[in-house]
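Converting from the sequence shown to the numbering used here requires adding 678 to each position, the first position being numbered 1. C-beta atoms are modelled at their ideal positions from N, C-alpha and C, and glycine is treated no differently.
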Amino acid sequence: MSSAVELALNAVIGRPTEPVMLDTPLSVDQLPTPALVLDREIMTANIQTMSQHLGKYGKGFRPHAKTHKCPTIARLQMEAGAVGICTAKVSEAAVMVHAGIECVLITSPVSTPDKASAVNAILGSRVTLLLVVDSMEGFAALASAIDDDKRVGILLDLDVSMGRTGIRDDALFLRLLEAVHSDDRFYFAGIQHYAGHIMHIPEFEKRREKSLRSWERLASKFDLLEQQGVTPDIVTGGGTGTFDIDVTLDPLTDIQVGSYIFMDEEYRQVAGPTSDRFQGFDLALTVACTAISQPQNATITVDGGYKAFASDSVNPVCDALPDLQFRFAGDEHGVLILPSENPGDNEISAVRLGQVLEFAVPHCDPTVNLHDQYWIREADGMIHSLWPISARGCSW
Ligand SMILES: Cc1ncc(COP(=O)(O)O)c(C=O)c1O
């Protein structure tokens, strides 16, 4: 293995993964803010709802750990019936495997020799590692790195219209299938198709139509498999935005849901089948911020900015005070626009210095990646423990 990857791998697998109990429970306003707060009851209900929903339709639950990056949460998902977990990258997989998760699908192609050697290093006898492949170059990198006594399941990643990763060309599909079949270290595990650009289409019917159409367009690839006499064990894809759409698709064996576990403002603004808000899952994750400065009457400044919230989509929202508007004010600050120009005139403008407010996060995955731990809130409303976000920064 190249020394750079070896160093990077050793740095991530040495990280703490276990929960830490607090000696004395704390209220949210006693936390060092900005603080990522996770409500365990709501998260558990979200996990149960998703697992039961997929089970009802005979589909597997293969949750994506790129959302939470936390082995403790991955274990809870496995206990709730997950068939395995997904990670986006090799480093995330390394953290999960090291923490004892036994079935991991890496949903991004591993295409270079250094990453392939890292895959080889984390492959142990108790681990089922599934990889996606979409190029001959990528497969060649794996073939030159995996030891003779190891076995890796390969899924062929298919693209239709997203244009991010995946095979479109039939000839390449067949060449890769043959390459996998002709090497004993690999076995053909199935198909992956992820249409991420569909997940946040606001209108339910349009999202449904696009997702079903996307899978329909893969029919020629399934025909090719049939002609070769090959039946895929796994056909995986989908996400939170299509959790109640893709379950009707025959070939799909399991769904890679990620954000449902926490929810975020971006998803809450996506319509469900009978509401203009997303249905089925509640907000489990917030960032608590403290009001720290008020240079003018019309606004008050909190201690969370770009380093506390991902800023690639909508703005944070305070459910307790929905009339407040949050504006990013740099790396470390957010400015709350108070509804009244005269603080004290009404209840809302009474946000006072020192007050702690919780905000729904704009986009959960990249927000989680900005924090070291979840502060875990239990049913009594108090924080009892912290759970390390062990795969924070694992984007290689
Ligand atoms: C390949 C893949 N599968 C599943 C997901 C999960 O998506 P969501 O968070 O919308 O459930 C993602 C998220 O980006 C992804 O990239």
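*Report whether the distance from the Cβ of H742 to the nearest heavy atom of ligand 1 is below 6 Å.*
For ligand 1, at least one heavy atom lies less than 6 Å from the Cβ of H742.
*If L807 and V797 are in contact, beta carbons under 8 Å, what's the gap, nearest whole angstrom?*
With 8 Å as the limit, L807 and V797 qualify as a contact, their Cβ atoms being about 7 Å apart.
*State yes or no: is the C-beta of D835 within less than 7 Å of the C-beta of V810?*
At the C-beta level, D835 and V810 come within 7 Å of one another.
*Residues near E757 by beta carbon distance below 6 Å, same chain, minus five either side*: So the list is empty, once near-sequence residues are dropped.
_Distance check for V690 and N993, CA to CA, integer angstroms please._
Taking C-alpha positions only, N993 is separated from V690 by approximately 31 Å.
*CB-CB under 6 Å to T790, same chain, minus the five flanking residues each way: which ones, in chain order?*
Taken in chain order, the residues that qualify are A819.
*asked:* Taking the alpha carbon of P1075 as the reference point, which residue from L685, L1014, G1008 has its own alpha carbon closest?
replied: With the chain covering 679 to 1074 only, the question about residue 1075 has no answer from this structure.
_For the structure I just gave you, are there three or more beta carbon pairs, one from the region 694-713 and one from the region 1031-1042, closer than 8 Å?_
Contact between the region 694-713 and the region 1031-1042 is established, with three or more Cβ pairs separated by less than 8 Å.
*Should F1052 and L714 be called a contact, given that it needs their Cβ atoms to be closer than 7 Å?*
Rather than Phe, the amino acid found at residue 1052 in this sequence is Tyr. At a Cβ-Cβ threshold of 7 Å, Y1052 and L714 count as neighbours.
*Is the closest heavy atom of ligand 2 to the C-beta of G936 under 6 Å?*
No copy of ligand 2 occurs in the structure displayed; its ligands are ligand 1 alone.
_Proximity test, Cβ basis, 7 Å: F817 and chain B_ = Going by chain labels, chain B is absent from the structure shown, which holds only one protein chain.
*Within the present structure, is the beta-carbon of T926 separated from the nearest heavy atom of ligand 1 by less than 6 Å?*
T926: no, Cβ never under 6 Å from ligand 1.
*Residues near A1007 by beta carbon distance below 8 Å, same chain, minus five either side*: If the five residues before and after A1007 are omitted, its C-beta is found closer than 8 Å to the C-beta atoms of T979, G983, V1013, all from its own chain and listed in chain order.
*CB-CB under 7 Å to A752, same chain, minus the five flanking residues each way: which ones, in chain order?*
Result list for A752: A743, I763, M774, I779, in chain order.
*Would you call the CB atoms of H1049 and I1067 closer than 7 Å?*
Against a cut-off of 7 Å, the Cβ pair of I1067 and H1049 comes out as a contact.
*Proximity below 7 Å, CB of V913 to CB of L902*: No Cβ-Cβ contact shorter than 7 Å links V913 with L902.
*Given a cut-off of 7 Å, decide if L927 and M941 are closer than it, judged by their beta-carbon atoms.*
Judged by their CB atoms, M941 and L927 are not nearer to each other than the 7 Å cut-off.
*What are the start and end residues of each continuous beta strand (DSSP E) run of 3 or more residues lying completely inside the region 956-987, in chain order?*
The beta strand (DSSP E) runs of length 3 or more contained entirely in the region 956-987 are, from start to end of the chain, 963-971, 977-980.
_Between the alpha carbons of I876 and R885, how many angstroms are there, rounded?_
So the alpha carbons of these two residues sit roughly 6 Å apart.
*Indicate the three-state DSSP secondary structure (helix, strand or coil) for H731 in the structure shown.*
H731 falls in the helix class under three-state DSSP.
*From this set, C1042, G917, G1059, D1058, which residue's C-alpha is nearest K747's C-alpha?*
Closest by C-alpha distance to K747, out of C1042, G917, G1059, D1058, is C1042.
*From S971 to L1016, what does the alpha carbon distance come to, in whole angstroms?*
Taking the straight line joining both Cα atoms gives about 13 Å.
*Sorted by chain position, which residues of the same chain lie with C-beta nearer than 7 Å to E1025's C-beta, five sequence neighbours on each side aside?*
Bear in mind that the predicted position of E1025 carries a pLDDT of just 49, short of 50, making it unreliable; the figure below should be weighed with that in mind. Excluding positions up to five away in sequence, the list is empty.
*Would you grab the beta carbon distance between T920 and S889 for me? Rounded to a whole angstrom, and I think it's under 8 Å.*
Going by Cβ atoms, the distance from T920 to S889 rounds to 5 Å, so yes, they are a contact pair.
*asked:* For C781, list the residues DSSP reports as bridge partners.
replied: Listed as beta-bridge partners of C781 by DSSP are T806.
_If you measure between the beta carbons of V948 and H878, is that distance less than 7 Å?_
The Cβ atoms of V948 and H878 lie closer than 7 Å to each other.
*CB-CB under 6 Å to V858, same chain, minus the five flanking residues each way: which ones, in chain order?*
Around V858: I832, F864, F866.
*Answer yes or no: do L687 and A772 have a C-beta to C-beta separation smaller than 7 Å?*
In this structure, A772 lies closer than 7 Å to L687 by Cβ.
*Length-filtered (3 minimum) beta strand (DSSP E) runs lying within the region 807-893*: Taken in chain order, the whole beta strand (DSSP E) runs of length 3 or more contained in the region 807-893 are 830-836, 864-871.
*Provide the residue span of the beta strand (DSSP E) that contains Q1051, from first to last.*
Per DSSP, Q1051 belongs to the beta strand (DSSP E) from 1051-1055.
*asked:* My assumption, with CB atoms under 8 Å, is that I1054 sits in contact with L704. Please give the rounded CB distance.
replied: Taking the Cβ atoms as the reference, I1054 lies roughly 11 Å from L704, outside the contact range of under 8 Å.
*Any chance the CB of M1078 is under 6 Å from a heavy atom of ligand 1?*
Here the chain covers residues 679 to 1074 and nothing more, so residue 1078 does not appear.
*asked:* Does A986 pass the burial test, meaning 16 or more other C-beta atoms within 10 Å, or should it be called exposed?
replied: Buried: at least 16 other Cβ atoms inside 10 Å.
*asked:* When you compare the CB positions of D924 and I933, do they come within less than 7 Å of one another, or not?
replied: Cβ atoms of D924 and I933: closer than 7 Å.
*Identity of the residue in A1057, P1044, V761, D827 nearest S991 by Cα*: Residue P1044 is the option with its Cα nearest to S991.
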